[in-house]
Amino acid sequence: MTDVETLAALAREIDTTCRLTGTFVLRSGRTADEYFDKYRFEADPRLLDRVAAQLALLVPSRARPLRHRPGRGRSAGARRSRRGAARAPHSD
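The sequence shown begins at 2 in our numbering and counts up by one.
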């Protein structure tokens, strides 16, 4: 199978897995007769592995992984929101 055929087969499988038809009420309140549910391929380990393998081919060979450095990597806002997530909202 050529690269083009492999990608086309993967695209068809993603479409078959994730494209839902019916009547869907969107967050905006509008309705749609089709919906793409990305969580459906994320929940299928075999399909997710195939998607990840194709995405990995797009990473330049010179790319290096990011290293986690304790105390860094999250913004102060992210730390605050994580710590404050379990607290009840404060009202004045």
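By construction, the Cβ of each residue, glycine as well, lies at the ideal position given by its N, Cα and C atoms.
Task: Cα-Cα separation, Asp-45 to Thr-22 - done: As a working mapping, residue 45 is identified with position 44 in the sequence shown. As a working mapping, residue 22 is identified with position 21 in the sequence shown. Answer to the nearest angstrom: the Cα atoms are 19 angstroms apart.
Open item on the list: On the CB-based measure, 16 or more other CB atoms within 10 Å of its CB, does Phe-25 come out buried or exposed?
Closed with: For the purposes of this step, residue 25 is taken as residue 24 along the sequence shown, with counting starting at 1. So Phe-25 ends up on the exposed side.
Open item on the list: On the DSSP letters alone, give me the boundaries of the beta strand (DSSP E) that Val-1 sits inside.
Closed with: Outside the displayed span of the chain (2 to 93) sits residue 1, for which this structure offers no information.
Task: Span of the beta strand (DSSP E) around Ala-33 - done: Residue numbering aside, residue 33 sits at position 32 when the sequence shown is read from its first letter. First-last of the beta strand (DSSP E) with Ala-33: 32-37.
Task: Nearest-angstrom Cβ-Cβ length linking Arg-20 and Phe-37, presumed shorter than 8 angstroms - done: The count along the sequence shown starts at 1 and reaches residue 20 at position 19. The count along the sequence shown starts at 1 and reaches residue 37 at position 36. Yes, they are in contact, since the Cβ atoms of Arg-20 and Phe-37 sit about 6 angstroms apart, within 8 angstroms.
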